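Just so you know, we're using my numbering here: the sequence shown kicks off at 3 and counts up by one. Positions of the beta carbon are idealized from the N, C-alpha and C atoms, including for glycine. Bear in mind that the values here come from a model prediction, so they are computed numbers and not experimental data.
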Amino acid sequence: MSNNRSHTTRFVAVLAALLVAGGVAVGTTATASPGPNPSTSSTWRETEGSPRTPVPPVVLLTQKSTTSLDQPFSYPTEHPAQVSSSIITLLPGEQTGRHFHQTPMYAYILSGSLTVTYETGPGITTVMTYRKGAAFVEAIGTWHNGANTGREPVRILVVQMGASGVANTVK
């Protein structure tokens, strides 16, 4: 019986060590803040018997005022604002097709890599590759085509900051 207890104790100790190493603190709970905190927009971690401590946010893009091609951008003002989001998946070899955006569009590469060819002038192209973890504001009014030239699917979180009645993307 003591051999079983020893194995159980060792298993619990190893499991606790793995949970702590993986970022899950034993005996704690992580909760989202009940509402916006004026000093931070992070979430909160609570430990029994201890005050709440902030968990710093992961910053993906900071105060960007230009697109990926260094174009200044502004939001449409003629129509009511409208925000939409989606996750786009391109399999290896797939392309978005030639298109441009009329409104600001935020993109975050969740996985894989995306190669975008921008038509920046008559007969002139600019090629940019965005890899997992890249965050950017897409070019506005510039024809371009995105392609997955990698070996794994590329997944892109897209947030379009448009306006009612205005097409975000034109093909």
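Do you know how far the Cα of residue j is from the Cα of residue i?
i: Thr105; j: Ser88; result: 15 angstroms
i: Thr151; j: Tyr120; result: 16 angstroms
i: Gly135; j: Ala141; result: 18 angstroms
i: Val172; j: Val60; result: 32 angstroms
i: Gln84; j: Gln65; result: 20 angstroms
i: His103; j: Thr55; result: 41 angstroms
i: Leu112; j: Val168; result: 27 angstroms
Since residue i sits in a beta bridge, which residues does DSSP pair it with?
i: Glu121; result: Thr127
i: Tyr2; result: Because the chain is modelled from 3 through 173, residue 2 falls outside the range shown and cannot be assessed.
i: Pro74; result: Thr68
Whose C-beta lies closer than 8 angstroms to the C-beta of residue i among residues of the same chain, with five residues either side of it excluded?
i: Met130; result: Ser70, Thr117, Val118 and Tyr120
Ordered along the chain, which non-local residues of its own chain (more than five positions away) have a Cβ less than 6 angstroms from that of residue i?
i: Arg153; result: Pro94
i: Tyr132; result: Ile111 and Leu116
Would you give the residue range spanned by the beta strand (DSSP E) that residue i belongs to?
i: Ala165; result: Val156 to Ala165
i: Gln97; result: Where Gln97 is concerned, there is no enclosing beta strand (DSSP E), given that its DSSP letter is neither H nor E.
Please go through the same chain and pick out, in chain order, the residues whose beta-carbon is closer than 7 angstroms to the beta-carbon of residue i, but skip the five residues on each side of it.
i: Gln73; result: Ala141 and Ile142
i: Leu62; result: Tyr110 and Ala137
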